[in-house]
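Peer 1: Next up is a structure, given as structure tokens.
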Amino acid sequence: MTECLFCKIVAGELPSERVAENDAAYAFKDINPHAPVHVLVVPKVHIATAAHVAPEQADIVGQMILLAQEVADVTGVADSGYRLIMNVGEDAWMSVPHLHLHVLGGQRLAGHLG
Ligand code: 5GP
Ligand code: ZN
């Protein structure tokens, strides 16, 4: 059995607040939101980080972007704008080693990235 937190969430072994999903990806609310809208989009298969995406998995990342568009629609931020963030590794403070895209919005976000 997997020890990966987000694999367990995808499998329904741990609870999550579902926002949307497609064949390749699942979107759920972040447990510790940094903005009024803070949703995580994860691939349904385990991929550790963006640095581990294999060429044959590129379509999965595309499906994650498409799902993020749907998340923006259903959470009402598609027109106001939102930020997509994918942390990789220690310096970016990645804390869960299962690829995930943060969808942040619902307020005017900080005007800098670092
Ligand atoms: P990272 O820092 O790795 O880019 O983002 C990991 C995110 O996962 C954090 O924003 C954190 O709040 C969220 N997170 C960690 N554990 C859980 C959990 O059990 N459920 C949910 N919904 N989010 C989680
Ligand atoms: Zn995983």
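Numbering (numbering that gives the first Met the number 0), first residue to last: 0 to 113. A virtual CB, placed ideally from N, CA and C, is assigned to each residue, including glycine. All figures in this text were calculated on a predicted structure; none of them were measured in a lab.
#1: Please state if the CB of valine 44 and the CB of lysine 28 are separated by a distance shorter than 8 Å.
#2: Let me check you understand the geometry: is the CB of histidine 33 closer than 7 Å to at least one non-hydrogen atom of ligand 2?
#3: Less than 7 Å between the CB of leucine 4 and some heavy atom of ligand 1, yes or no?
#4: Based on DSSP bridge pairs, tell me the residues matched to lysine 28.
#5: Compute every distance between the C-beta of histidine 99 and the non-hydrogen atoms of ligand 2, then say whether any falls below 7 Å.
#6: Could you spell out the range, first to last residue, of the alpha helix (DSSP H) harbouring leucine 13?
#7: Inspect the CB distances between the segment 54-72 and the segment 11-27 and report whether three or more fall short of 8 Å.
Peer 2: The structure says:
#1: no
#2: no
#3: yes
#4: Val38
#5: no
#6: Element bounds for leucine 13: n/a, residue is neither H nor E.
#7: yes
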